[in-house]
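S.K.:
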Amino acid sequence: MHLLRSLLVLIIAGLSLSAFSQTTEIIYLSGTDAANTVDWDFYCTDGQNSGKWTQIPVPSNWELQGFGTYNYGHDWRNKELKLGKEQGLYKHQFEVPTTWKGKTINLVFDGSMTDTRVKINGKSAGAMHQGAFYRFKYDISQLLKFGTTNLLEVDVAKHSDNESVNRAERQADFWIFGGIFRPVFLEVLPKTHIQRAAIDARADGTFSALIELNHAKTNDSVSAELLDIEGNKVGAIAPSEIRKGMSEMVISGKFENIRAWNPEWPTLYDMKITLKRDRSIVHEVTERIGFRTVELRKHDGFYINGERVVFKGVNRHSFWPETGRALSEENHLTDIRLMKEMNMNAVRCSHYVPDKRFLELCDSIGLFVLNEVTGWQDSYDTIVGPKLVKETVLRDHNHPSVVIWNHGNEGGWDFANEKNFHTYDIQQRPVLYPWLLRNGADTQHYPEFEYATSRFTYGNDPFMPTELLHGLYDGGHGAGLDEYWRSYESSPLHAGAFLWVLADEAVLRTDLPGTTYDSDGNHAPDGILGPHREKEGSFYTIKEIWSPVQPEPVTINRQWNGILFLKNKFTYTNLKDCVFRWEAYKIPIGSTQKEITGSGITSSPDALPGETARIQIDCQEALLTADIFEFTAIDHQGYQLYTWTWPVIQPNEKATDLIHSRPSINEEIRITETEKTVTALTQEIEISFNKQNGHLLSVKNKKGTLSLSGGPLPAGTNTSVKSTQWAKNADGNFVFEIHSESYPEKVTWELQKNGLLMLQASPPASRLNNSDFLGISFNYPEEKCTGVKWMGRGPYRVWKNRLKGSNLGVWEKSYNNTITGESFNKLIYPEFKGYHGNLYWATLETTETDFTVVSETPNLFFQLFTPARPKHVAGGTFPPFPKGDISFLYEIPAIGTKFKQAEQLGPKSQKGRFAGHKGDENYPIKLWFNFRTR
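Just add 1 to the spot in the sequence shown (first one is 1) and you have the working numbering.
Below, the structure written as structure tokens:
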């Protein structure tokens with residue numbers, strides 16, 4: 002079937018070429034991507050399913066198809082692990098029409114891991130290619146049989162004969178695979194043709210184009226015509242003569258009324274370059290381009306189209322769990338859309354050249370790209386290295402998205418190879434060395450917050466860490482980013498940063514039983530996203546911090562005058578091109594249904610990048626009955642930049658909804674005692690306390706027993722109870738007081754006649770230092786919890802240094818036991834367990850009776866159980882949790898990164914401290930428990 006498909010494609014292509022022989026035709030022998038493959042004959046020499054001829058889809062990595070040996074790039078260090086060195090032998094037959102005689106026919110590979118030998122009809126197509134991620138081609142015109150069947154044979158060795166290739170590509174911190182993982186196609190050209198058209202199109206409409214011919218045996222002419230992407234003519238440049246014997250020339254000119262390319266307005270054009278002999282077209286090529294100017298100004302910054310740019314980016318591996326590095330159109334689109342959704346404007350292709358289709362989509366959707374020649378922490382030699390640099394530049398030179406070349410990573414370079422970028426790149430893009438201060442930019446990796454003497458914010462050169470805040474499990478990424486970013490923004494040399502990394506690299510293991518996704522311990526679960534692009538909490542933190550519209554700090558309450566000040570942090574967009582919406586709403590305690598009190602669209606202000614604009618929102622009437630105010634910014638492309646939320650009321654105001662939800666009850670509260678317990682009873686509720694320490698022992702309502710107990714247990718301090726006492730107060734409510742040596746010095750329980758149970762724990766009264774957490778805890782069996790609804794920050798958990806991105810609202814989620822970056826077979830986000838911010842109320846859904854806790858304390862955190870510890874914790878990625886299952890806390894810990902403890906990430910990542918004075922009116926922890934069944 003695959004032979005028939007190839008034959009039909011080639012016959013149709015042959016007819017097309019006969020009619021339009023002046024254009025270049027592309028005919029795929031493989032599929033176009035991982036979702037559209039063609040089966041080739043295949044033989045694997047070792048490992049899974051080896052030693053027999055079968056078939057394999059192309060493009061693909063053979064391990065994911067059940068062949069060979071899986072290896073992570075660090076496996077070479079472990080002598081007990083088998084290092085796969087198998088070869089894959091491919092065969093594929095295809096027909097070539099007789100109409101192709103006299104043409105130049107190139108066989109093109111877009112990526113093959115790693116050493117690749119090619120034969121056509123039993124004869125070598127050319128020298129073995131070494132290097133996995135690069136486009137290479139052979140002129141096979143003289144090897145083909147026209148009008149009949151041709152045989153393509155490819156021998157791919159996963160382990161290279163060139164040790165520098167192995168060190169650069171395969172002894173690396175990522176999965177290493179084998180196979181033809183990108184498309185294979187024929188490139189059919191006229192006998193005399195344009196073999197290269199490298200275009201330098203500037204923001205002002207000027208351009209120069211280097212035109213190279215395969216040979217120049219006659220006097221010809223070259224002209225250029227510019228079209229918009231709808232095909233409308235924009236302008237043309239008069240023909241330039243290219244004399245016999247001249248194999249290359251530069252044409253130049255200027256087009257008027259050009260719209261420059263940038264990520265916010267990614268305007269593209271098609272430049273049609275025509276080679277003519279007399280009046281006949283010999284060859285015509287069309288290159289999709291964008292007009293933009295790239296500068297790295299010394300001791301200043303990166304400028305694109307004359308505007309100083311701050312890169313907000315992420316490192317991206319070309320990876321999908323079921324297909325490895327063989328990707329589909331949808332894979333590329335998904336990644337780009339998610340980056341844009343996080344308000345990123347840039348991506349670093351780590352640590353290798355990406356699929357060409359990915360760059361085409363970055364051109365059209367709008368992302369700056371740092372395009373990287375491989376070399377994880379070791380370099381190609383000066384034999385293969387220059388060839389691969391050349392292949393990189395020649396494939397990607399016309400992409401407007403590509404604004405920087407990266408020459409390797411963290412020592413993975415030979416400086417002698419750099420000159421090849423400058424030799425082949427007509428645009429003369431900057432060449433950077435990720436983690437070095439070199440060539441005018443400081444790209445140091447994973448700096449501590451206070452880095453460094455004479456570097457970064459204290460330095461003399463534009464700085465942008467090309468790897469920042471290394472993720473692992475739930476750590477890094479958004480945690481600490483706000484402070485890093487605000488600190489960096491204080492310097493005019495700030496050029497941006499690239500977070501590590503976009504997604505967890507957990508690969509499907511076809512060699513293991515069942516369904517196993519393997520991240521090689523803690524080597525690869527580093528992502529902002531899960532392996533199938535599941536969003537972790539940092540996703541929304543980054544989205545808020547990097548939003549190009551930023552409201553100035555404001556307190557919103559029922560007296561607010563409706564004035565917001567908006568900072569325009571776009572580079573190229575006026576705020577008048579954005580849309581701004583608002584909504585105010587109220588939500589009853591225990592419900593998730595909004596009651597909208599008002600909404601509207603606000604006039605967009607005329608504010609250029611860098612300016613702050615004042616807007617007036619007509620919402621005063623809506624705020625009178627609202628709990629929450631929302632404000633949403635949407636850019637001109639329809640991306641929701643962010644939705645900010647503010648509480649309109651304080652927690653104690655919201656608590657009155659519960660306190661006054663039922664009329665007073667005059668029935669007396671009954672009290673019973675045993676030697677160790679005291680029990681208070683109302684019509685509906687029975688509460689038992691430990692006489693010695695005042696801890697809750699049991700709760701009963703009309704439906705039975707609730708298993709909440711064991712508190713209030715002090716969290717974050719060691720204290721001892723001095724005394725307890727209980728009685729009825731003047732209102733007939735049962736009151737139990739606990740006095741302790743230190744925090745909390747006084748705790749008061751009050752069971753009211755209406756069945757509500759109030760708890761008040763006095764605020765800290767003495768100096769406290771180095772607190773991971775501070776508050777009170779209770780016990781509740783995790784196995785009896787099925788879900789939670791709450792008003793507060795959500796839906797994701799928070800850390801002390803990752804509060805942004807978690808919005809105030811009413812949320813609901815079912816119980817799950819997700820271990821971030823590890824539970825790949827059942828990766829449910831948002832995680833259920835952990836710290837949650839700004840509690841107003843929470844309803845715990847249980848197998849017993851649901852119950853609600855309402856807080857009167859502002860800025861109170863609450864903990865829902867303790868997440869399971871990942872198997873391979875490193876750095877500061879598993880902060881402490883208090884004893885107990887449910888906690889109410891003034892203070893929670895920050896989270897670190899794979900390489901850094903939280904304390905190294907800035908002031909807001911430090912442990913908590915408290916100091917006060919006599920007379921301070923601090924806030925106690927005041928909670929209302931509603932165990933009633935009605």
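All C-beta atoms in this analysis are idealised placements derived from N, C-alpha and C, irrespective of residue type, glycine included. What you are looking at is a predicted structure, and each value in this text was computed from that prediction instead of being measured.
Would you check if the distance between the CB atom of A199 and the CB atom of A210 is smaller than 8 Å?
M.R.: yes
S.K.: Helix, strand or coil: how does DSSP classify L5 here?
M.R.: The pLDDT assigned to L5 is 38, lower than 50, so where the model puts this residue is not dependable; a value taken from the coordinates is nonetheless given after this. Three-state DSSP puts L5 in a helix.
S.K.: Please report how far the alpha carbon of N316 lies from the alpha carbon of D527, in whole angstroms.
M.R.: N316 and D527 have their C-alpha atoms roughly 11 Å apart.
S.K.: Should G32 and G89 be called a contact, given that it needs their Cβ atoms to be closer than 8 Å?
M.R.: no
S.K.: Give the single residue among D156, Q143, T117 and L145 whose Cα lies nearest to the Cα of F137.
M.R.: Taking the Cα of F137 as reference, the smallest distance to any Cα among D156, Q143, T117 and L145 is reached at T117.
S.K.: Do you know whose CA, among Q693, T55 and D483, lies nearest L804's CA?
M.R.: D483
S.K.: Quick check on E411: does DSSP put it in helix, strand or coil?
M.R.: coil
S.K.: What is the rounded straight-line gap between the Cα of G717 and the Cα of L828?
M.R.: Their backbone Cα atoms lie some 31 Å apart in a straight line.
S.K.: Could you tell me the alpha carbon to alpha carbon distance between H918 and A766, rounded to whole angstroms?
M.R.: 8 Å
S.K.: Determine the direct distance from the alpha carbon of L769 to that of F915, and round the result to whole angstroms.
M.R.: 5 Å
S.K.: Where does W377 fall in DSSP's three states?
M.R.: When secondary structure is reduced to three states using DSSP, W377 falls in the coil class, being assigned neither helix nor strand.
S.K.: Cβ of K909 less than 8 Å from any chain B Cβ?
M.R.: This model lacks chain B altogether; it includes just one protein chain.
S.K.: Between L752 and T853, how many whole angstroms is the CB-CB distance? I'm expecting something under 8 Å.
M.R.: Between L752 and T853, the beta carbon gap of about 16 Å keeps them out of contact (Cβ cut-off 8 Å).
S.K.: Any heavy atom of the ligand MN closer than 7 Å to the beta-carbon of R798?
M.R.: This structure lacks the ligand MN, and indeed carries no ligand of any kind.
S.K.: What are the partner residues of E96, as DSSP defines its beta bridges?
M.R.: T150
S.K.: Please report the Cβ distance between L760 and F930, rounded to the nearest whole angstrom; I am assuming they are in contact, meaning their Cβ atoms lie under 8 Å.
M.R.: 7 Å
S.K.: Exposed or buried, R293, counting other C-beta atoms within 10 Å across all chains shown (16 or more means buried)?
M.R.: Counting Cβ neighbours within 10 Å, R293 comes out buried, since at least 16 surround it.
S.K.: Going by beta-carbon coordinates alone, are E96 and D47 separated by less than 8 Å?
M.R.: no
S.K.: Could you check whether Q445 and E411 sit closer than 8 Å to each other, using their CB atoms as the reference points?
M.R.: No; because the gap between Cβ atoms is not below 8 Å, this pair is not in contact.
S.K.: Report the rounded CA-to-CA distance for T70 versus S520, giving the unit in angstroms.
M.R.: 16 Å
S.K.: Starting from M792, follow its DSSP beta bridges and name the residues at the other end.
M.R.: Answer is V811 and W842.
S.K.: So N569 packs on A608, CB below 8 Å; how close in whole Å?
M.R.: 5 Å
S.K.: Based on the DSSP output, what are the partners of P267 in its beta bridges?
M.R.: W262
S.K.: My output table needs one value for S772: the three-state DSSP class, helix, strand or coil.
M.R.: strand
S.K.: Considering only residues of the stretch 536-623, which uninterrupted alpha helix (DSSP H) runs meet the minimum length of 4 residues and lie entirely inside it, listed in chain order?
M.R.: 538-546
S.K.: Please report the straight-line C-alpha distance between I384 and N79, rounded to a whole angstrom.
M.R.: 29 Å
S.K.: How long is the line joining the alpha carbons of F320 and A875, rounded to whole angstroms?
M.R.: 23 Å
S.K.: Below 8 Å on the Cβ atoms is my contact criterion, and I expect N107 with Y139 to pass it. Report the Cβ-Cβ distance as a whole number of Å.
M.R.: 7 Å
S.K.: Tell me, please, whether the stretch 822-838 touches the stretch 790-799 by the rule of three or more beta-carbon pairs shorter than 8 Å.
M.R.: Flag = yes, the stretch 822-838 and the stretch 790-799 touch.
S.K.: Label G639 either buried or exposed according to how many other C-beta atoms from any shown protein chain fall within 10 Å of its C-beta, with 16 as the threshold for buried.
M.R.: exposed
S.K.: Suppose you measure from the CA of F866 to the CA of S721; what does that come to, to the nearest Å?
M.R.: If I take the Cα positions, the gap works out to 24 Å.
S.K.: Pair every Cβ in the stretch 464-471 with every Cβ in the stretch 498-514, then say whether three or more of these pairs are closer than 8 Å.
M.R.: yes
S.K.: Say whether the stretch 248-265 touches the stretch 455-467, bearing in mind that this needs 3 or more beta-carbon pairs closer than 8 Å, one atom from each stretch.
M.R.: no
S.K.: Tell me whether H318 is buried or exposed, calling it buried when 16 or more other Cβ atoms sit within 10 Å of its Cβ.
M.R.: Looking at its Cβ environment, which holds 16 or more other Cβ atoms inside 10 Å, H318 is buried.
S.K.: Roughly how many whole angstroms lie between the Cα atoms of T844 and W791?
M.R.: 6 Å
S.K.: If you run the structure through DSSP and keep just helix, strand and coil, what is H333?
M.R.: Of the three classes helix, strand and coil, the one that applies to H333 here is helix, per DSSP.
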